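Colleague: Before I ask anything, let me first share the structure, which is written out below as C-alpha cells.
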Amino acid sequence: MKVLRAGPASAPNTLVLLHGRGATAESILRLYPELQLGPEWQALAPQAPGNTWYPYSFLAPLDQNQPFLDQALQTVHGAIGDLPSERVALLGFSQGACLALEYAASHPRRYQAVMALTGGLIRLQHQGDLHETPVFLGSGDPDPHVPFSRVEESATHLRALGAQVEVRRYPGLPHTINQDQLNTCRGLLTAPKGTLK
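With my numbering as the guide, the letters of the sequence shown map in order to residues 102 to 298.
Here's what the structure looks like:
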C-alpha cells in the first residue's frame with residue numbers, strides 16, 4: 102500500500118486525505134499546505150490502485166463495486182493503523198469523499214472530524230455511535246456525480262449515528278473544491294475539540 106506523508110511525523114493529529122476517481126495521492130496531498138494547519142497536524146494520503154477506489158458510481162448496486170470497496174475501506178483502515186481515532190480526521194473529494202464517509206460510518210467512533218467535499222454515503226444502513234464527531238458535507242448542486250439529495254440523505258443518516266453534521270450547498274459549483282470548503286475544513290480542524298464553527 103502506497104501512502105504519502107506530509108508534515109511532522111511527531112504531530113499529535115493526523116489528517117487522512119482521500120483522492121477522487123482518476124486522481125492521485127500526490128494531488129490530494131496538495132491540500133495539506135493550503136489548509137495551513139501548522140505543526141499540530143501531519144497528513145497521510147493513500148493511493149488507490151489504478152487511481153480508482155471502486156469501479157462504478159457510489160450509487161451503483163453494492164455488489165458491482167465489490168470486492169474493490171471493501172479493499173478501499175481496508176486501505177483507509179491500514180493507513181490509520183493504531184492511531185487514536187479522536188486525533189484522526191478524514192477528508193476526501195468526490196469518490197474519496199464517499200469513501201471517507203463510508204469508512205467513518207462503517208467504523209463508528211469519535212473522530213476529530215470527517216469532511217466530505219462533494220460526496221455522500223455509499224450505504225444508508227449503518228449502526229453504532231459517532232459520538233458527536235463533527236462532519237462537514239459541502240457539495241455543488243447540481244453535480245454530475247453526486248446528487249444533492251444523496252448528500253442530504255447522508256446527513257440525516259449520520260445524525261442518526263450521533264454525528265454533528267453541517268451541510269453546505271454551493272449552487273452551480275463545478276466538480277471541484279472551492280475556497281469556502283477549504284476555509285470550513287481549516288476552521289473545523291483548528292477548532293477546540295473539532296467543534297463545528
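Idealized CB from N, CA, C, for every residue including glycine.
Note that this is a predicted model, so its numbers are computed, not measured.
1) Expressed to the nearest angstrom, what Euclidean distance is found between the alpha-carbon atoms of Gln265 and Thr234?
2) Is the number of C-beta pairs between the segment 128 to 140 and the segment 161 to 171 that are closer than 8 Å three or more?
3) Does the Cβ of His120 have 16 or more other Cβ atoms within 10 Å, making it buried, or fewer, making it exposed?
4) On the three-state DSSP scale, how would you describe Pro140?
5) Can you tell me the Cα-Cα spacing of Asp230 and Gln213, whole angstroms?
6) Where do the N-terminal and C-terminal ends of the alpha helix (DSSP H) with Gly179 fall, by residue?
7) Does the beta-carbon distance from Gly221 to Leu202 come in below 8 Å?
8) In whole angstroms, give me the CA-to-CA distance for Gly295 and Pro156.
9) Whole angstroms is fine: what's the gap from Leu283's alpha carbon to Gln167's?
10) Closest to Val104 by C-alpha separation, out of Leu289, Thr291, Ser255, Thr125, would be which residue?
11) For Pro245, does the three-state DSSP call read helix, strand or coil?
12) Given Pro272, which residues of its chain have a CB within under 8 Å of its CB, disregarding the five upstream and five downstream residues?
13) DSSP state of Gln265, grouped into three classes?
Modeller: Based on what the coordinates show:
1) One-based indexing of the sequence shown puts residue 265 at position 164. One-based indexing of the sequence shown puts residue 234 at position 133. Roughly 6 Å between the two C-alpha positions.
2) No, the segment 128 to 140 is not in contact with the segment 161 to 171.
3) Position 19 of the sequence shown, counting from 1, holds the residue named residue 120. With 16 or more Cβ atoms within 10 Å of its Cβ, His120 is classed as buried.
4) Residue mapping note: residue 140 aligns to position 39 of the sequence shown, counting from 1. DSSP, read as helix, strand or coil, puts Pro140 in helix.
5) What you label residue 230 is simply residue 129 of the sequence shown in a count that begins at 1. What you label residue 213 is simply residue 112 of the sequence shown in a count that begins at 1. Between Asp230 and Gln213, the C-alpha separation is close to 14 Å.
6) Mapped onto the sequence shown, residue 179 falls at position 78. That run of the alpha helix (DSSP H) goes 169 to 181.
7) Sequence index remark: in the sequence shown, residue 221 carries index 120 (1-based). Sequence index remark: in the sequence shown, residue 202 carries index 101 (1-based). A contact, by the Cβ cut-off of 8 Å.
8) Position 194 of the sequence shown holds residue 295. Position 55 of the sequence shown holds residue 156. Because Gly295 carries a pLDDT of 44, less than 50, the predicted location of this residue cannot be relied on, and the following value inherits that uncertainty. Near 33 Å, if we compare the C-alpha coordinates of Pro156 and Gly295.
9) Here residue 283 refers to the residue found at position 182 when the sequence shown is read from its first residue. Here residue 167 refers to the residue found at position 66 when the sequence shown is read from its first residue. Computed Cα separation, rounded: 31 Å.
10) As a first step, residue 104 is located in the sequence shown; it is residue number 3 there, counting from the start. Of Leu289, Thr291, Ser255, Thr125, the residue nearest in Cα terms is Thr125.
11) Translated into positions along the sequence shown, residue 245 becomes position 144. In the structure shown, Pro245 sits in coil (DSSP, three-state: anything other than H, G, I, E or B).
12) Numbered from its first residue, the sequence shown carries residue 272 at position 171. Gly241, Asp242.
13) The residue given as residue 265 occupies position 164 in the sequence shown. When secondary structure is reduced to three states using DSSP, Gln265 falls in the strand class.
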